[in-house]
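Q:
Residue numbers (full-length UniProt numbering): 1 to 106.
#1: Looking at C-alpha atoms only, which residue of 26, 46, 84, 38 is the closest neighbour of residue 97?
#2: Exposed or buried, what is residue 29 when buried is set at 16 or more other beta-carbons lying within 10 Å of its beta-carbon?
#3: Measure the Cβ-Cβ separation of residue 7 and residue 67 and say whether it is below 8 angstroms.
#4: Quick check: the Cα distance between residue 69 and residue 75, rounded to an integer number of angstroms?
#5: Just verifying my parser: in three-state terms, what is the DSSP assignment at residue 26?
#6: Just the Cα atoms here: how many angstroms apart are residue 22 and residue 77?
#7: Could you tell me the distance, in whole angstroms, from the CA atom of residue 82 to the CA atom of residue 71?
Laid out in structure tokens, this is it:
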């Protein structure tokens, strides 16, 4: 079960943030081209750093805590991290903004 640890954390992050979209009516999150462009801009420098650091031996992933599928030396979960975490951050930020806007409208 330990090999599912990283994937499980990502699933929990998604499970906590995906419902924010319909609950708070986050229409900007539904503009997929903009969302994908934003995530790509956020992820690109970190993916480059991660690839470099991993290949240089400065960074590694415990094989016992990942699924074992690798792409360019990075575990599949690490690639997913660069999509899931920016999505969670954007959704959380938008939800808080929506909540504050609703409170101001009262």
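Note that the Cβ used here is the ideal one computed from N, Cα and C, for glycine as well.
Here the structure is a predicted model, which means the values were calculated and not measured.
A: On the basis of the supplied data:
#1: 26
#2: buried
#3: yes
#4: 6 angstroms
#5: coil
#6: 26 angstroms
#7: 13 angstroms
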